[in-house]
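**Student:**
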Amino acid sequence: MNDIRPAHDEEAAGQDFGEPDLSRKAFYGIAEIAETLGLNRQLVTAWRRRRSHGIPEPDAELSSGPIWRGETVEPWIDVVRDRREGVGGQPLSAEVALRAGRRMLRVSALLLDQPIRSRLLSQALAEARELLPVVESASDDPLGRAVEQLLSPVRGTDDQPVDLKVFRQKVLSEVAQLEPLVRLAAESLPDPESAG
């Protein structure tokens with residue numbers, strides 16, 4: 061089998077090309093990036109649309125969507141994977157978890173209002189989304205996963221969800237699961253008797 065080594069790749073000069081790295085691909089689309097990171101496609105699509113998390117610009121656009129060359133996107137994938145695996149990430153604080161709970165309760169209350177007050181709902185959604193970078197950069201632990209799940213309906217939504225009925229169901233479904241999150245957060249809080 062002939063191995064092709066790009067002439068411009070200085071790092072490749074000292075590598076052994078006998079065994080190809082099967083985990084690396086020549087090209088990546090949204091689906092391949094999501095699969096490699098263990099995320100869902102909607103999240104990666106939202107990151108790309110919002111230009112968040114430092115995702116590089118695609119090398120080309122096909123009718124099926126954006127495409128990246130491996131050498132363009134793999135360094136970014138490595139950084140995101142390390143961050144998600146807790147390398148350098150701190151555990152999510154109980155205060156942030158409880159703040160996320162309060163913000164999602166506010167979103168829920170506004171979604172249950174009739175008529176829905178669009179301006180207040182937009183503001184509440186923006187405030188809930190503000191917590192996403194903090195939660196996503198935290199180390200992977202039970203509290204962090206619970207908060208990430210709680211905030212999942214606001215990930216990738218804009219200030220005015222298109223289908224309010226479906227969005228309301230998603231939000232209420234996650235808020236209904238608040239009890240374990242509150243329990244985990246409460247366990248992380250300092251003991252009130254030792255506080256003073």
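Numbering-wise (our numbering), the sequence shown opens with residue 61 and increments by one. Positions of the beta carbon are idealized from the N, C-alpha and C atoms, including for glycine.
(1) Would you identify the three-state DSSP class for residue 215, choosing helix, strand or coil?
(2) Is residue 241 helix, strand or coil by DSSP?
(3) Bridge partners of residue 136, per DSSP?
(4) Since residue 108 and residue 126 should fall inside the 8 Å C-beta cutoff, what is the C-beta to C-beta distance between them, to a whole number of angstroms?
(5) Residue 188 and residue 214 - do their beta-carbons sit closer together than 8 Å?
(6) What would DSSP say about residue 125, mapped onto helix, strand or coil?
(7) Rounded to the nearest angstrom, what separates residue 100 and residue 208 at their Cα positions?
(8) Where does residue 120 sit, in a helix, a strand or coil, going by DSSP?
(9) Relative to the C-alpha of residue 86, which candidate in 93, 95, 130 and 225 has its C-alpha closest?
**Tutor:** Reading off the structure:
(1) Coil at residue 215, not helix or strand.
(2) Of the three classes helix, strand and coil, the one that applies to residue 241 here is helix, per DSSP.
(3) Note: residue 136 sits in no beta bridge, so no partner.
(4) With a Cβ gap of about 7 Å, residue 108 and residue 126 count as contacting.
(5) In this structure, residue 214 sits near residue 188, with a CB-CB distance shorter than 8 Å.
(6) DSSP places residue 125 in strand when its eight states are reduced to three.
(7) As the crow flies, the alpha-carbon of residue 100 is around 13 Å from that of residue 208.
(8) DSSP, reduced to helix, strand and coil, places residue 120 within a strand of the structure shown.
(9) Put simply, of 93, 95, 130 and 225 the residue whose alpha carbon is nearest the alpha carbon of residue 86 is 130.
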